[in-house]
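A.B. asks:
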Amino acid sequence: MTTLRRLGDWIGLMIYFLGQLIASAIRVAFLSLRPQLGLRPSIVDYPLTVPSDAEITLLANMITLTPGTLSIDVSEDRKWLHIHCLDTPDSESVINAIAGGFETRVLGLFR
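Using this note's numbering, the first residue of the sequence shown is number 3, and each one after it goes up by one.
1. According to the Cβ coordinates, are Val96 and Gly70 closer than 8 angstroms?
2. Tell me, which residues are paired with Trp82 by DSSP?
3. Who are the near neighbours of Ile87 in its chain, counting only those whose CB is closer than 7 angstroms to its CB and skipping five residues on each side?
4. Can you check which of these residues, Phe104, Leu33 and Asp92, is closest to Asn63 by C-alpha distance?
5. State yes or no: is the C-beta of Pro49 within less than 8 angstroms of the C-beta of Trp12?
6. If you compare alpha carbons, which of Ile65, Ile28 and Leu109 is closest to Leu73?
In structure tokens:
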């Protein structure tokens, strides 16, 4: 049963990632097609709760592969992930979206 649950968690993560990938690609396409871009780029310092290198790497790569975001660096103490965002209304919305989405699912895979 544990193997089936773990497989289900991986499949769930991939489905969620594909949904986020498509939604982000559409958002970036609309942003680039606007007559006046009016972008609000920023660097967001994301507080990491994933402890292992594998979890940090998976999370950072998923963020980088999502259009409009780019993982820049991990702090030396591995507590912060620095992310460049193409258009950010506020940092808290980015932090909450990652914490409630990607990071929660990544944590579920390794527990």
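Virtual Cβ for every residue (Gly too), placed ideally from N, Cα, C.
C.D. replies: Reading it off the structure:
1. Cβ distance not < 8 angstroms, so Val96 and Gly70 don't count as in contact.
2. Pro49
3. Correcting the residue type first, residue 87 is Cys in the shown sequence and not Ile. Closer than 7 angstroms at the Cβ level, and outside the excluded window around Cys87, lie Pro43, Ser44, Val46, Gly70, Thr71 and Val96.
4. If we check each option's Cα against that of Asn63, Phe104 comes out closest.
5. no
6. The sequence given here has Ser at residue 73, not Leu. That would be Ile65, whose Cα lies nearest to the Cα of Ser73.
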